[in-house]
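Residue numbers (this note's numbering), protein chains in the order written: chain A, 775 to 1152; chain B, 775 to 1152; chain C, 775 to 1152; chain D, 775 to 1152.
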């Protein structure tokens, strides 16, 4: 029980963990599925932004209130402003492409001859591998694979569809079955179930260029009037900041993030909805673009590497499930809910970009932070 | 009040937000400093790993219990096992170098002549800038700056010491003063307070190669006996997995993370102790090394970009403050507490690397996850 | 005529260009196909290394003498030593995979709807595009395409087989036809025939992870005796340098080259055989691996981005054609000659890695350079 | 003698190497200093572009004719057009910053304690190291060093001034003396004279962000009239292509080259003037910017990593020396000549960017290549 551990810790260290012990989540489940040696729970404030109007390629226009778990003052206010600008401009166009979870084991090959042999084996046995994966569970499908090698290291990147789950556990288990099968048939041994060719929870160009989880695009045309009234800026000023910061600035800094603050919004929604926080790393990759249309402004975001789900992991915890219910996407729905979550994140990230870049363009960033810290509205 | 917003949302959407409304943190503070439009709090389970013994370069050997906020089953168990291996091997050597918070505004220059002029101005006025920054608050010091430029964009990266605070807000405010000063004296205008030459919350080679926040190193020699008894592996098997995954695998994937799972441990401690979760992105950068010493094993980690603090941001929230108290580093202490936090994270990240790479080496990763999901101990 | 331009320049500047005017290449061809405003030719010394034994996956074992055009003392000697080590160890295993030339135009799309539309158009019309390309010439085939987009920019990467030609001119011309066709059918305009999604003559992770031109692998097991007698080193010393330099050193330097000196060997063969010297940039990407097999040593190289050909460009010039004839691969041969060239470069690059890493391992680099500068043999 | 080797090769392989044997360079020098096992020389056509007007920050406005060694048709014509546009627009502003040659050995440290010790040793002994380097020759000065480490690998990047020489040989020799000194005083052994922290002849973010050799900037304002008459384009069309290609296109391709064709021009001047062709790799890094000034156009280039010299290496060969004489920078001049070479390359690279981006903007790239191949003027 967490209370016993907590008591022991309090006594041992002479500290007070009263708030950590104050939680409503179901410990008997969480302590088993989510967190070993549990001593309680941490509380992260949740704010609400919105309504945020989405115009998805694949479904009807709809408005959402977006839950954001954060401890950084001004973030919710900033996203709210962006949501307002988007919604009053007609809503964000959004489009997603499911790439799926990937797992990239590394095998040990003896030489280039064995490399050729293993490649041929994989090509010939792809359907067998798909059947094998099918047997590991009803919610996972093997979609494709790629290979590469360097010396004795042979890497395979398996791509899966895992419906509404982010899916890394399923993918890992399925990959274990595959590697056992390969070893049984070829005698070629899997050195490690993950050879960082997945590549999981690390920034990487492989994920950026080929995608992982979901690729998400969101876009909006902000009329001059919205730019002035809500964002207190002009198309030109916004554009100039975007170019100097998100393009040239990121280029000369050797970044994989050609954006203003993807990570802030991704983090806040991830925490609220029970996503794996280590995947914030991958969610920070991507590109914001801006373009002046006379005095209106086109803004877009592209997130190539968004690992999200609505079942599994932390999504089943009480508060996280409530956040998903706010978005109307609690639980499984043949992949529709996770896709919807990706769309919402894309549009919310767009809102964050719009708001921050406007602040920077008008030199109001410091003022906003100061006022918020005094409890004023912005 | 959050309850009113929550009620309104419940009524509007027909959802139940009871758990979100169940929190013990001080809403009147959190709603002002940490989160606008607050509707409640999300609960993230906290587990405890340790004891974890540290042997810092700069102070005495000490043991810590490490609070980890996570929803990913097996993580706490995995880190615990790594802590045990480290502690029973005598403790992790740790070393930190404070780089400090950086802010990188972009200025608009007319031509190369103005570039030269601005460079000279900065060199001549560095002490004046330091004085200016000193006036903005007692806890911030301007330490250095670097510049670069491309076309009309001139970037300056200011480096600050902000004592025990992670410091981005202080740094931003100070940078505003500096840019105003520069404009007043030279007429050269700051286009944006951040030109992504900071570079904040994005993976970047600039931060990797020059450091940001803290650079942290941790290392350990694991005797053969510990490898066998606790980690169920051998030096050779561990080493082979490390090389194929963290080195060659990360190289061919175009990653900035030459490691196994930095992000998982960084995320869990960041959430527990009130760090900015968007900085997990930067904390995922870095290198793990391994080396066989006959049948013993040397393992090290290097994190070049760890943005942490023990005051400000989320560190003052009730549960987060309790987590810091578990580590004995609550509040300010002339920079000592944040440095200690960096050391602890370094050693905990080392524990995570040791445990995961051992699991991969022995093919026990899937088994461990399955057993933990059934509530078994590992 | 070059002599007139040369005379004019000599008179105008008061310089002597006698040697520049001393060449045997056919000016009437070169001045038209290879170089406008020709004033003569530069002479670059060519040395010969080898014999270098190759054991290709796809054909018989054979030995080659490798022409190297260079002005850097010690390079030919270094490669020669590596060739000797390889040949006396039985020859380098080599394997190539033809990826082909790529061209990546950028189109201007209005919104996400048009993105979907263009994607569908491409998928439906791939065979039509192939027919279109077929009409542009007998030596080019459209093999595949990939797409990506950010904002209003839609990128397509077309992959071609161009037989024995490196093929960028053919690929560019074919892409022009394709973009005209797309515009005609969809009204979507090509903004630029190259949108750097090719990506040509720049280091890039896209080319590294997906390949361009040829992917080449080469490998060798060096027996202890060869290591001692020819390379004056041991497996262990070589391995330690490789790991610290090509792996960890390149990682912390943010490099795309996890190797010792790919660029030197690639440059020397490119210049000798008339390849485009700007493609040396792409040829510098890749990974060297090493592994101790008791006291023997396994070494491999992987070059993912080797743009070479045996027809077109500079390959038809007199001296360059002679260099190709030394290798027995002059002119076109249904793609066989360019593939052979890729294999030879792979093996020669392996020779260069072996020799330089051995020198570094034994601390003999400086000595070798000094002795060579005095005309001694090594 | 090269003739004997050539004869032997001709007989052995049954090939004709007559043109390879037709050269005017001084074999007795080249065969000793530049190329072992010499069999002759390869001939690369040299064309002339210009006049190219430079307006350097540090000296007077001057015009140059630029020698370009290339086998790629259309390149000289393209650069010539860019030179014309620049010169008729008043000349390119250019600015250089000398970073110098770097060499980055790797040392083997036992633990973090030894890391601290070695850092302190270096800080205390910097002046001693400078004296040591001074003794190795009159043309080399140790300017600075940086360090980093991962595990047992400790890297030092030494930065040197080598006057008019590119300087890698001098730097390597001096570094050998330094590492011997360090070992003598501390017992800490240099594992490899190069640990890829130099980092030489590989694309790397370390060199991009901190510079190597020379950092070069060049810029120009092209009036509307020049854009129309010479470049056949408009500011807007040029700008749109630049943004989609050099910024967004390079970003999504994971490139270190945010430009159109740096490598082509760098390669052509490097070959003509006897630079090390493997350094083309580093010269391909950098950023082009463009900006509309009403209907005029500002264009700039920034090359952070240009390794060039006017003495040593291939610069002393007959034809290469003639090319340097065309530029008026033959031989040594206390660093002035190499600086001038860097400036000229910067401006010529700017010319190349202007011309190619104009061609792309007007869709005339294919046409230009076709016409040139027929011998027409453009």
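We treat Cβ as the ideally placed atom computed from N, Cα and C, and that holds for glycine. This structure is a prediction, so every number in the text was calculated from the model and none was measured.
Check the Cβ-Cβ distances between residue i and every residue of chain A, and say whether any is below 8 Å.
i, result
"residue 983 of chain C", "yes"
"residue 960 of chain D", "no"
"residue 929 of chain C", "no"
"residue 956 of chain B", "no"
"residue 1051 of chain B", "yes"
Taking the DSSP output, what are the residues bridged to residue i?
i, result
"residue 912 of chain D", "Its beta-bridge partners do not exist; DSSP assigns none."
"residue 929 of chain A", "A:880 and A:922"
"residue 817 of chain B", "A:817"
"residue 845 of chain A", "According to DSSP, residue 845 of chain A bridges with nothing at all."
"residue 837 of chain C", "C:827"
"residue 1012 of chain B", "Looking at the DSSP assignment, residue 1012 of chain B forms no beta bridge with any residue, so it has no partner."
Please compile the residues from chain B whose C-beta is within a distance smaller than 9 Å of the C-beta of residue i.
i, result
"residue 831 of chain D", "886, 887, 889 and 890"
"residue 1032 of chain C", "1021, 1022, 1025 and 1026"
DSSP state of residue i, grouped into three classes?
i, result
"residue 828 of chain D", "strand"
"residue 1077 of chain B", "strand"
"residue 1093 of chain C", "helix"
"residue 964 of chain C", "strand"
"residue 868 of chain D", "strand"
"residue 784 of chain B", "helix"
"residue 1051 of chain D", "helix"
"residue 822 of chain C", "strand"
"residue 1000 of chain C", "helix"
"residue 1034 of chain A", "coil"
Starting from the beta carbon of residue i, find every residue of chain C whose beta carbon is closer than 9 Å, and list them in chain order.
i, result
"residue 1061 of chain B", "1022, 1025 and 1026"
Indicate whether at least one CB of chain C lies closer than 8 Å to the CB of residue i.
i, result
"residue 968 of chain A", "no"
"residue 1158 of chain D", "No statement about residue 1158 of chain D is possible, as the shown extent of chain D runs from 775 to 1152 and does not include it."
"residue 991 of chain B", "no"
"residue 814 of chain D", "yes"
Does the CB of residue i have a neighbour CB from chain B at under 8 Å?
i, result
"residue 925 of chain D", "yes"
"residue 785 of chain A", "no"
In chain B, which residues lie less than 8 Å from residue i when you measure between Cβ atoms?
i, result
"residue 869 of chain A", "Neighbours of residue 869 of chain A on chain B: none; closest Cβ ~23 Å, over 8 Å."
"residue 1072 of chain D", "925 and 926"
Please compile the residues from chain B whose C-beta is within a distance smaller than 7 Å of the C-beta of residue i.
i, result
"residue 1016 of chain C", "Result: empty, since nearest Cβ-Cβ is about 11 Å, beyond 7 Å."
Quick check on residue i - is its C-beta less than 8 Å from some C-beta in chain D?
i, result
"residue 1076 of chain B", "yes"
"residue 797 of chain C", "yes"
"residue 779 of chain C", "yes"
"residue 1127 of chain C", "no"
Mind pulling the chain A residues with CB within less than 8 Å of residue i?
i, result
"residue 828 of chain C", "In chain order: nothing, as chain A lies at least about 12 Å away."
Closer than 8 Å by beta-carbon distance: list the chain C residues that pair up with residue i, in chain order.
i, result
"residue 790 of chain D", "1096 and 1099"
"residue 980 of chain A", "979 and 983"
For a contact defined as C-beta to C-beta under 7 Å, what are the partners of residue i on chain D?
i, result
"residue 1065 of chain B", "925 and 926"
Take every Cβ of the region 1035–1043 of chain B, pair it with every Cβ of the region 892–903 of chain A, and state whether three or more of those distances are shorter than 8 Å. no
Does the structure place the region 816–830 of chain C close enough to the region 849–857 of chain C that three or more beta carbon pairs sit under 8 Å? yes
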